[in-house]
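Chains as they are written, first to last, in our numbering: chain E, 136 to 537; chain H, 136 to 537.
C-beta: ideal position from N, C-alpha, C; glycine also.
From a predicted model like this one, the values you see are computed outputs, not experimental measurements.
The structure appears below as C-alpha cells.
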C-alpha cells in the first residue's frame, strides 16, 4: 500500500465519519428489532402499479430519450410542471430559479461546494439534520450552532451569534434552517419566526439555506409560508425532494434560488454527476401530470397522520415520568428528551437488548450536546410495531431511570 | 440580492466554468446540424424491450425494496455479480474493493473530495477528459499536464514531472490516466507502458486514478490488462461505468480501490447523495444476470466498429492534406490534429455555418494547449450522417487552409 495513506487524505476526509444513523441502521437490522431509527417512508406508500404503468408508457413512447444522457438542469417537462405548480400556489418561481438534483442531499453537497472555503462558517440549528452537517463539514466548514425553542431556531440567539461574528469581522456563508417539521426536532417554524429569521438574514446580509423535505406531509395545523416565498431579495435557497412523497429510489430533489446561484449550482453539478437520470425524471413528470401524485399524497398523509397518533398515544402510555417529546404537525419524526442524567447512547445499547432501536440525538448537535435526546421515526413501521416498540423502549428507559 | 454575491462564492466556484462540451452541444442542437461533439451512445444501442421486461419483473416481485432507500455501498446482488465477473476474468477484486457510484463522474468528484486540499497537485494527460479536469479543479487542485505519445501518457515525461516535484519537496495526490481508448485522444496504452507508469507510481509513492469508461468497447487489437490488475500494492483506483455499454440514464458507475480508500469513498458518498437508486441497480443486476448484457454488448461493439470504419474512410476521403487523426482500437472518439496555424475554436464557428459541430481539443488541455486539435465522436450519429458531416467538416477546414 501507499505509504502514509492516512496522511494523504484531505483534511476534511480525515474528519469524515460514517453517518451514525446509517451505521445504527445496520445494527438494527438484526431479526426481531423494531427500529425507529431511519427516515424511511412506509413501504406501502409506494405507488407500484402506477409506476409500472408509467414506466411502460415511457419506454414505449420515448425509450431512446429516456435512456440517454439529459440536461444538467433537469428534464424540461418536469421543471416546467413544478414551476407551474409553485406558481399556482402563488409562489414566485420561474424556470431560471429551479433545477433538478439527484436527491436533495445533492443540494446539501453542492451548496457548500459553491460557497465554502475551508474555515468558512455556517450557522445551523441545535439540533439539525445530520446529513446536512456532514455535507458541510466535508468542505471544511465550521459549524456554529444556534439553539431551537418551541418555534424553531431562536431569532434572539441567531442575532447574538451573527452579532458576535460581526464584532470579529466575520460572516457565516449561510444559515441552515429546516422550517417544516424539523429533522430531528419535529418543530415547525411559525410565520412570525420565519419573518424574524429572514429579517436577520437581510440585516446581516447572509444567505439562508431552507431545507424542506417534508413540507407536503402536514397532518394538522396550518401550512406556513416558505422562507423562499417570504423573501423577495434573493437571500433564500430552498431544497425539496420527492423522496418522502413519491419514492426515495428515484433520487430526485430540486433547488430554488436566485438565477446567479442556480448558474453556479449547474456548473458544480456538471462535474459531480453530469445529469440526473432522465428516466426517473420522466417517471416523476408523468406521475404528477396524470394526477397520481396528488391522489397518492393524500393517502400518504392520512396514513402517517394515523401513525403519528398511534405513536403519541403509545408514548403517553409507556414512557415513564420525566420523559418529554415534541408533537409534530407533520413530517416523519419526533424528538424525545430524557431525564438529563440519561445518556441516549448508553440507552441505545440497553434498547438493542430489548429489540428496539432509535437514533441518539447527539448525532444532530454540531456542538456535541443533546446527550439526553433521541429521534423517533413514525413513518416506516406499522401501528402494531409502534405500540410494541414504544413499550420496549419505555422498558429500556425504566431500566436506566434512577 | 445579497451584496457582493460574486465575492462570497468559494474560490473554486469563482473558477467554475460550464463544460465547453455541454455548452457547445446546445449550440449544435440547431436543426440540420450534424454533431460529432457529444460522447453519447447510439440511441439504437439501448435495449428498450429488455429493460421494459425487467422493470416489470422488479416492480412485481420486489417493488417496495426497489423503490426504497438503499445501502450507500450499492446493491449487494449487483456488487457480488460484478465482483464475480471480475474474478472470472482473473482480476483480483473482492466485495471490499468495489462500491457502486451514481455515474463514474461521481467517482471523479469523490476521489478529489477525499484527497485534495486546495493547492494539492494532480498529474493528468495532455489531453484528458474535461469532466475529470473540472471535477478536480472544483476542489482547488492544481493540474500538472504530462504529454501523451503514441502509447498514451509519456513515462519519460511523467518521471520528469514527478522528479521535478520531488526536488521541490512536492508530491501529486494522484496521476489521472485513461488507458483504454483515451478520451479525447483515442489512444490505448499498451501493457509495457502501463507497467512503466505503475513502476513510477510505486517509485514516487503516488496513487493512480485509472478512468476506464470504454474498456469493454474494443473493436480491434488485443485487450490490455487494467492498471488495477497489474498492481498488487493498492496504488491504483479504477472507475467504471454502465453509461456506454448499457444506458447513461441509469447513472451507474463503480470504483475499485484498496479497502481503506473505499471506506472514505463510502463516507464521502453518504453526504453526497446517500445512495444510488436501488431500482436502477436492480435493473442492471437482472440485465447482466439474464445474459442480456453480454449479448447486447456484442451488438454495440459491432455497430460501433462499423461506424468507426465509416468515420476513418470518410476522413481519408474528405480531409485536406496536413490534417491527421488517431485510429482508436475502441471507445467513442478519435482526435484530429489540424495544421498548426488553424485554431479549432475559430474553425468551430466556420463549421457551425457549414452545419457541422465537434469539440475543440483545447478544452481537454489543462495547460491551454491543443489549439489546433479537435475531438470527433463516432458512436452517436448514423453512418450516412458521418459521411455527410465529415464532408462538411472537410469543407470548413479547406476554407481555413492557407
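Alpha carbon to alpha carbon, what distance is there between residue j and residue i?
{"i": "residue 409/E", "j": "residue 522/E", "result": "45 Å"}
{"i": "residue 293/E", "j": "residue 376/E", "result": "27 Å"}
{"i": "residue 388/E", "j": "residue 240/H", "result": "19 Å"}
{"i": "residue 172/H", "j": "residue 519/E", "result": "58 Å"}
{"i": "residue 272/H", "j": "residue 472/H", "result": "26 Å"}
{"i": "residue 322/E", "j": "residue 480/H", "result": "56 Å"}
{"i": "residue 210/E", "j": "residue 233/E", "result": "11 Å"}
{"i": "residue 258/H", "j": "residue 332/H", "result": "12 Å"}
{"i": "residue 457/H", "j": "residue 139/E", "result": "50 Å"}
{"i": "residue 165/E", "j": "residue 197/H", "result": "21 Å"}
{"i": "residue 502/H", "j": "residue 261/H", "result": "8 Å"}
{"i": "residue 417/E", "j": "residue 194/H", "result": "17 Å"}
With residue i as the anchor, note down where its alpha helix (DSSP H) starts and where it stops.
{"i": "residue 271/H", "result": "265 to 272"}
{"i": "residue 195/E", "result": "183 to 202"}
{"i": "residue 415/E", "result": "413 to 424"}
Any Cβ of chain H within less than 8 Å of the Cβ of residue i?
{"i": "residue 229/E", "result": "no"}
{"i": "residue 510/E", "result": "no"}
{"i": "residue 386/E", "result": "yes"}
{"i": "residue 248/E", "result": "yes"}
{"i": "residue 204/E", "result": "yes"}
{"i": "residue 376/E", "result": "no"}
{"i": "residue 199/E", "result": "yes"}
{"i": "residue 209/E", "result": "no"}
{"i": "residue 232/E", "result": "no"}
{"i": "residue 415/E", "result": "yes"}
{"i": "residue 502/E", "result": "no"}
So, are the CB atoms of residue i and residue j less than 8 Å apart?
{"i": "residue 356/H", "j": "residue 437/H", "result": "no"}
{"i": "residue 215/E", "j": "residue 421/E", "result": "no"}
{"i": "residue 348/E", "j": "residue 379/E", "result": "yes"}
{"i": "residue 287/E", "j": "residue 319/E", "result": "no"}
{"i": "residue 346/H", "j": "residue 308/H", "result": "no"}
{"i": "residue 365/E", "j": "residue 435/E", "result": "no"}
{"i": "residue 514/H", "j": "residue 177/H", "result": "yes"}
{"i": "residue 204/H", "j": "residue 267/H", "result": "no"}
{"i": "residue 404/E", "j": "residue 236/E", "result": "yes"}
{"i": "residue 496/H", "j": "residue 510/H", "result": "yes"}
{"i": "residue 249/H", "j": "residue 145/E", "result": "yes"}
{"i": "residue 244/E", "j": "residue 406/H", "result": "yes"}
{"i": "residue 525/E", "j": "residue 474/E", "result": "no"}
Where do the N-terminal and C-terminal ends of the beta strand (DSSP E) with residue i fall, by residue?
{"i": "residue 310/H", "result": "309 to 312"}
{"i": "residue 277/E", "result": "277 to 284"}
{"i": "residue 512/H", "result": "508 to 512"}
DSSP state of residue i, grouped into three classes?
{"i": "residue 226/E", "result": "coil"}
{"i": "residue 139/H", "result": "coil"}
{"i": "residue 492/H", "result": "strand"}
{"i": "residue 352/E", "result": "coil"}
{"i": "residue 322/H", "result": "coil"}
{"i": "residue 478/E", "result": "coil"}
{"i": "residue 239/E", "result": "helix"}
{"i": "residue 524/H", "result": "helix"}
{"i": "residue 246/E", "result": "helix"}
{"i": "residue 168/E", "result": "coil"}
{"i": "residue 461/H", "result": "coil"}
{"i": "residue 84/E", "result": "Chain E is shown from 136 up to 537; residue 84/E falls before or after that span and cannot be answered."}
{"i": "residue 537/H", "result": "coil"}
{"i": "residue 345/H", "result": "strand"}
{"i": "residue 256/H", "result": "strand"}
Just to make sure I have the definition right: I need the residues of chain A whose C-beta is within less than 8 Å of the C-beta of residue i. Which are they?
{"i": "residue 430/E", "result": "Of the chains in the structure shown, none is chain A; the protein chains are E and H."}
Is there at least one Cβ from chain E nearer than 8 Å to residue i's Cβ?
{"i": "residue 237/H", "result": "yes"}
{"i": "residue 144/H", "result": "yes"}
{"i": "residue 190/H", "result": "yes"}
{"i": "residue 140/H", "result": "yes"}
{"i": "residue 251/H", "result": "yes"}
{"i": "residue 293/H", "result": "no"}
{"i": "residue 136/H", "result": "yes"}
{"i": "residue 244/H", "result": "yes"}
{"i": "residue 322/H", "result": "no"}
{"i": "residue 368/H", "result": "yes"}
{"i": "residue 240/H", "result": "yes"}
{"i": "residue 269/H", "result": "yes"}
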